[in-house]
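Enquirer:
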Amino acid sequence: MEGGKESQREGPILLMEGITKIYPTGLVANSNVTFEVREGEIHALVGENGAGKTTLMKVLFGLEKHDAGNIFVKGEQVNITSPRQAIGHGIGMVHQHFMLAPSLTVAENIVLGQEPRKGIWFDQKKAAETCIDLGKKYGLEVDPYAKIADVPVGVKQRVEILKALLRGSEILVLDEPTAVLTPQETVELFAALKALKEGGHTIIFISHKLAEVKEISDRVTVMRSGRVVGTRNTEEISIRDLSNMMVGRDVELELPRPKMSAEDRREVRLLVKDLKYVRDNKDVLKDINLQVKSGEIVGIAGIEGNGQAELVEILTGLCECHEGTIQICGEDATEKKPGEIRELGLSHIPQDRMTFGVAAEASVAENLISTRYNKPPISNGFLLNLKAIFATCLDLINKFEIKANDPKQPVNTLSGGNIQKVVVAREFSTDPEVIIANQPTRGIDIGASESIHKYLVNATENGAAVLLISADLSEVMGLSNRLLVMYEGRIVAHFPDAEAVTEEELGLYMLGVKHQEPDEIVASLMGEAG
Amino acid sequence: MKTDKRFEILRTGVAIGVALLIGFIVTCLVSEAPLKAFGYFLRGPFTTTRRFAAFLEAAIPLTFTGLAISLVFSAGQFNLGAEGQFFIGAVAATAAGIYLDLPPVIHTLVCLLAGIAAGAVAGFIPGILKAKWNASELVSSLMLNYVFLKLGMYLVTYHMRDQSVGALVSLPLKETSLLTQFIPNTRIHTGVFILLITVLFCYYYLFRTSQGYEVRMTGQNIEFARYSGIPVLSVILSVQVLAGAIAGLGGAVEMLGIYKRFQWLASPGYGFDGVIVATLAKNNPALVPVTALFLAYLRVGADVMAIYSDVSAEMVAIIQAVIILLVTAEAFLSGYRRRMLLREVKQSASAS
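Those sequence lines, one after another, are chains A and B.
The first sequence runs 1 to 530 under the working numbering.
The second sequence runs 1001 to 1352 under the working numbering.
1. When the Cα atoms are used, what is the spatial distance from A/Ser-415 to A/Gly-50?
2. Is B/Lys-1130 buried or exposed, if buried means 16 or more other CB atoms sit within 10 Å of its CB?
3. What are the start and end residues of the beta strand (DSSP E) that includes A/Val-94?
4. Taking Cβ-Cβ distances shorter than 7 Å, what residues in chain A pair up with B/Arg-1208?
5. Measure the C-alpha to C-alpha separation of A/His-201 and A/Glu-170 and round it to an integer number of angstroms.
6. With a threshold of 6 Å on Cβ separation, who are the neighbours of A/Ser-449 within its own chain once the five nearest residues in sequence on each side are excluded?
7. Select from A/Ile-120, A/Glu-313, A/Leu-368, A/Thr-502 the residue whose C-alpha is nearest the C-alpha of A/Ile-436.
8. Are the C-beta of B/Met-1419 and some C-beta of chain A separated by less than 7 Å?
9. How would you list, in chain order, the residues of chain A whose beta-carbon sits under 8 Å from the beta-carbon of B/Ser-1238?
10. On the three-state DSSP scale, how would you describe B/His-1159?
11. Of the residues A/Val-180, A/Asp-67, A/Tyr-138, A/Cys-329, which one's Cα is nearest the Cα of A/Val-33?
12. Is there a Cβ from chain B that is less than 7 Å from the Cβ of A/Asn-586?
13. Going by Cα to Cα distance, which pick from B/Pro-1184, B/Leu-1249, B/Val-1091, B/Ile-1016 is closest to B/Val-1316?
14. Compute the Euclidean distance between the alpha carbons of A/Ala-29 and A/Gly-90, then round it to the nearest angstrom.
15. Between B/Leu-1200 and B/Arg-1216, which are expected to be in contact by the criterion C-beta below 8 Å, what is the C-beta distance as a whole number of angstroms?
16. Going by beta-carbon coordinates alone, are B/Val-1239 and B/Leu-1071 separated by less than 7 Å?
17. If we define contact as Cβ-Cβ less than 7 Å, is B/Phe-1332 a contact residue for chain A?
18. Ignore the nearest five residues each way along the sequence and tell me which others in A/Ala-333's own chain have a CB closer than 7 Å to its CB.
19. Relative to the alpha-carbon of A/Leu-394, which residue among A/Leu-104, A/Lys-408, A/Leu-384, A/Met-245 has its alpha-carbon at the smallest distance?
20. Sorted by chain position, which residues of the same chain lie with C-beta nearer than 8 Å to B/Ser-1164's C-beta, five sequence neighbours on each side aside?
21. Going by DSSP, what residues sit across from B/Ser-1170 in a beta bridge?
22. Can you tell me where the alpha helix (DSSP H) holding A/Ala-421 begins and where it ends?
23. Buried or exposed for A/Lys-421, please, with buried defined as at least 16 other CB atoms from any protein chain shown within 10 angstroms of its CB.
24. Select from A/Val-423, A/Ile-297, A/Ala-391 the residue whose C-alpha is nearest the C-alpha of A/Thr-355.
25. Would you verify that the beta carbon of A/Thr-371 is, or is not, closer than 7 Å to some beta carbon of chain B?
26. On the DSSP bridge list, what partners appear for A/Ser-363?
27. I need the straight-line Cα distance from A/Phe-35 to A/Pro-83, nearest angstrom please.
28. What residue range is occupied by the uninterrupted beta strand (DSSP E) comprising A/Ala-68?
29. Can you tell me where the beta strand (DSSP E) holding B/Asp-1303 begins and where it ends?
30. Decide if A/Cys-131 is buried, meaning its Cβ has at least 16 other Cβ atoms within 10 Å, or exposed.
31. For B/Ile-1183 and B/Leu-1173, what's the separation of their Cα atoms in angstroms?
32. Kindly indicate if chain A contains any beta-carbon less than 7 Å away from that of B/Gln-1220.
33. A/Ser-379 touches chain B at which residues, Cβ-Cβ below 9 Å?
34. A/Ala-365 CB to nearest chain B CB: under 7 Å?
35. I want to see whether chain A comes within less than 7 Å of B/Met-1001, judged by CB atoms only; does it?
36. Expressed to the nearest angstrom, what Euclidean distance is found between the alpha-carbon atoms of A/Gly-18 and A/Asp-352?
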């Protein structure tokens, strides 16, 4: 724990030593973490979600106050309590969720806070020049006059990086930068990062995608449940060993896929026809046609914000204003409320589990029974049966391997992965006919993801129809039997055989570069219908 | 979990201690003989049978309104209409007590039902406004408090007034309608048993029935409730009607138990006190009687102090305010909790 920091004169550019961070909820996000980065390297910080990577970086950037430990930049102890101070020490951060003003231009965003002036006026031209120069210098070219709201995610990310560089960042922290990117954009990002490294910058790259870590980084530090497991040279460690370090045990890297022959998938459980949804005079969803049959997983790939969230809300009855028809198990569900739709046999794993999936302060048990609180054996219609609740919950906790000490403990005292398991246990244990799984493994650890994938496949093989929406390409490609791609509120491609699609091809459809003809899509969908 | 519960108890205890200390400091500032005055305040409710009875009597209406507020707060509805519901419930019971001719017991029951019905209607209005048009129940219930106060005063003044009496009071209620005061020399009445039943009902309703579960989940996270298929709008409406009924029942019980005629000239304020009671009880119906007794104790103590010393009864408002502030302030003593957690982490770190 006490490293010999004084002995090294040519020490690391950044040393975080003995960092402990406890959130007010009592969650220990970092426990005595020591993290060291050398000058001019790309250092990957990996770990499952909830391992404490983001917290550690928030501490470094002055967004969270640590409870114990010291930070040294270039050998000097520093006290960082705000992002401003962090920037002053040459630390820049590109967040998972971009912090940009959407109504301003690229150039305006980049110079924000240190605008060039002509007299008392903002110097638009100078700002654009700064932008172009900076872009050329680092190989991150952008159109300075484009509005942030109109540019794709990849460009927004570049703007964030340029913003940090303009402020003199020598240490650049990128929090899961590839999570929102298509494969093509990722390639470009990596090229830029390598150029930055050549230019003498130090990069901290947070990720849980190990293939990328292997490709881009020089060294890698692995975190697990708030602690550092170890730091290795990337060349000397295999992906398998890395993932074992992350999870603490052997993991299965290949995703299972439901193995049901096409002949067995006959019954259409979910049918959507000509769905349209207009908001603020914009077509959020248009011409959506799809069907999911029992025994298959249909994946929807696409960059987030292309209508997937709205589609799910409409299918589950949470959003009512739309045109078109929806059938669940042959019954019309178009005008129905969430409770009535559930009665038809639909289960829903929501994208945002803390808003929709659970009542955070309610107990594990209360969260597990929320869809059956008025049905036997939980209730006789009026009184709750506490014994039955307890028994049901213990059963679910065991069956779904939820790490909870007591069904009565508040659900927010569990880790993200276990909270998601609570959601999954509730949704899967009612023998659903149709499951809508929206980002079912977002933000949870590999171990929990693995089991959730397993449950999903099991449910499918037992006859459920699954619609899987995921921004994680490997997930949606690895689990689905059929694939759809959504772009700007439309279905732009249908692949009847998900195994035959490559990531690159999918990426082109996700970016809107390619699209299949609407007639072609409908024809192939109907062909599936047989 | 256990440490958390212990921490809550500790926090409430410290809050009360700090509040009493501040109350004492204020007493020192304004009083010639602060020790004596504060002594009256603390011992007041226990000095005579009468005062002790007054303390228990005061807790009855506070418990009713505290229960009503607990229910709506549990559903996340900030309906503060208990004030008006209590008042209009009392007026309705008065009307039934004056004008109906029924045998004993039945007459009482009918009066109580009148109070329940009036309170339920008063709760229904903000409920339906919220459920149908998403109107803030906080605003509508507060405004309606005035409506029901004025409506009640109008009914008493123009339709039930006893012209033969100099003061503004209603005609006497018929003997058959009144609740029996069963302990000599006190005004403690059989309404206590109605109260106990209501406490049990609220507790079981909230924690042992499917509907209570709907109410609690709606209050905890309304999006989650909707997603789960709970009909949140009807929950929002029905819980406000039920709470109104309970507050109205409280008004009726108070009327039939303590008084012979309607004689309030202004709203007695039990509805807003109910907010204090419910907040201290963390909206748990089982704890409501305890916190109601505590508040009644402070009130009676303050009255005694006002009679026997140079400190006015309003001092108790300061103590109340400090307690509420500290109990509801999430951050109060959170540093202490943090240090406890930090210590635990360090221990587990050195152990591993």
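Note that beta-carbon positions come from the ideal geometry of N, C-alpha and C, so glycine has one too.
For clarity, every value in this text was computed on a predicted model and none was experimentally measured.
Expert: Walking through what the data contain:
1. Rounded to the nearest angstrom, the two C-alpha atoms are 7 Å apart.
2. B/Lys-1130 comes out buried.
3. Residues 91-94.
4. Under the 7 Å cutoff, chain A gives Leu-383, Leu-384.
5. Between the C-alpha atoms of A/His-201 and A/Glu-170 there is a straight-line separation of about 5 Å.
6. If you ignore the 5 residues before and after A/Ser-449, its C-beta comes within less than 6 Å of the C-beta of Thr-441, all in its own chain and listed in chain order.
7. The shortest Cα separation from A/Ile-436 among A/Ile-120, A/Glu-313, A/Leu-368, A/Thr-502 belongs to A/Glu-313.
8. Since the displayed chain B opens at 1001 and closes at 1352, residue 1419 of chain B lies outside it and no answer follows.
9. What B/Ser-1238 touches in chain A: nothing, since even the nearest Cβ is about 14 Å away.
10. In this structure, B/His-1159 counts as helix in the three-state DSSP scheme.
11. Answer by Cα proximity: A/Asp-67.
12. What the structure shows of chain A is the stretch from 1 to 530, and residue 586 of chain A is not part of that stretch, so it cannot be assessed.
13. Cα-wise, what sits closest to B/Val-1316 is B/Ile-1016.
14. Their Cα atoms are separated by approximately 25 Å.
15. Separation of the CB atoms of B/Leu-1200 and B/Arg-1216 is rounded to 17 Å, and the pair is thereby denied contact status at 8 Å.
16. Yes, the pair counts as a contact, with Cβ atoms nearer than the cut-off.
17. Answer no: the Cβ-Cβ gap between B/Phe-1332 and chain A never drops below 7 Å.
18. Apart from the 5 residues on each side of it in sequence, A/Ala-333 sits with its Cβ closer than 7 Å to the Cβ of Ile-326, Gln-327, Ile-341, Leu-344 in its chain, given in chain order.
19. Answer by Cα proximity: A/Lys-408.
20. So no residue of the chain qualifies.
21. BP columns for B/Ser-1170 point to B/Arg-1161.
22. Checking the displayed sequence, the identity of residue 421 of chain A turns out to be Lys instead of Ala. Note, A/Lys-421: alpha helix (DSSP H), 416-428.
23. Counting Cβ neighbours within 10 Å, A/Lys-421 comes out buried, since at least 16 surround it.
24. A/Thr-355 has its Cα closest to that of A/Val-423, out of A/Val-423, A/Ile-297, A/Ala-391.
25. It does: the Cβ of A/Thr-371 has a partner Cβ on chain B nearer than 7 Å.
26. DSSP output for A/Ser-363 lists A/Pro-410 as bridge partner(s).
27. Roughly 19 Å between the two C-alpha positions.
28. Where A/Ala-68 is concerned, the enclosing beta strand (DSSP E) stretches over 68-73.
29. Where B/Asp-1303 is concerned, there is no enclosing beta strand (DSSP E), although the alpha helix (DSSP H) it sits in stretches over 1288-1308.
30. So A/Cys-131 ends up on the buried side.
31. The alpha-carbon atoms of B/Ile-1183 and B/Leu-1173 are separated by roughly 21 Å.
32. Taking Cβ atoms only, chain A reaches closer than 7 Å to B/Gln-1220, which makes this a yes.
33. Simply Thr-1209, Ser-1210, Tyr-1213.
34. Interface flag for A/Ala-365 against chain B is unset, since no Cβ pair is found closer than 7 Å.
35. At B/Met-1001, the pLDDT of 46 sits below 50, so the modelled position is not reliable and the matter cannot be decided from this model.
36. In this structure, the straight-line span from the alpha carbon of A/Gly-18 to that of A/Asp-352 is close to 33 Å.
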